[in-house]
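Single-structure report; data block below.
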Amino acid sequence: RAKVEESMKDLEKKQRQYYKWLKEYTKKRTDGDDMGDDGGVPKDEAVVQREFVVENARGKLEEDKENYRKQCNHVRQKTLASLKTHLPELFQALAQFAHAASDMYINLRAISKSASNNRHKQENTAA
335 RAKVEESMKD LEKKQRQYYK WLKEYTKKRT DGDDMGDDGG VPKDEAVVQR
385 EFVVENARGK LEEDKENYRK QCNHVRQKTL ASLKTHLPEL FQALAQFAHA
435 ASDMYINLRA ISKSASNNRH KQENTAA
């Protein structure tokens, strides 16, 4: 995920730089200050080169997104397989725990009733 975010920031930076440069470049070309003898052909090459840099950054971002999507899918599949394998064990352990807790509360209730009955007997015999 961090790699995708880094690629996204890199693309945004390169796009900003490109559009800033293109704006200045087109302004210079329309002003006619920077026209060469060959009619500006090398200048068009400069535009293509800078567009290529931006497209490379865009391609890297798409590649990173695809790799991230594949990685997420792989992790999801492994997690699902692990859950399918270990859920029965988990439910068995939970059932055993619930049964033990139920037995404990039944025993506590019996002890509590027994202690309460003993107190009532002692109070009745003392009176």
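For the sequence shown, the numbering used here gives the first residue as 335, with consecutive numbering after it.
Don't be surprised by glycine CBs; every beta carbon is placed ideally from N, CA and C.
Practice item. Kindly indicate the opening and closing residues of the alpha helix (DSSP H) around Arg363. Key: That run of the alpha helix (DSSP H) goes 336-365.
Check your understanding: Does DSSP classify Ser416 as helix, strand or coil?
Key -> DSSP places Ser416 in helix when its eight states are reduced to three.
Check your understanding: What distance in whole Å lies between the Cβ atoms of Val388 and Tyr352, which are believed to be in contact at a cut-off of 8 Å?
Key -> Contact between Tyr352 and Val388 holds: their C-beta atoms lie close to 5 Å from each other, under 8 Å.
Practice item. Note down the Cα distance separating Asp371 from Val381, rounded to an integer number of angstroms. Key: Since pLDDT at Asp371 reaches only 46, below the 50 mark, its modelled position is unreliable, and the value read off the structure follows with that caveat. Taking the straight line from one Cα to the other gives about 18 Å.
Practice item. Would you kindly work out how many angstroms separate the C-alpha atoms of Ala336 and Ala427, rounded to a whole number? Key: So the two alpha carbons sit approximately 38 Å from each other.
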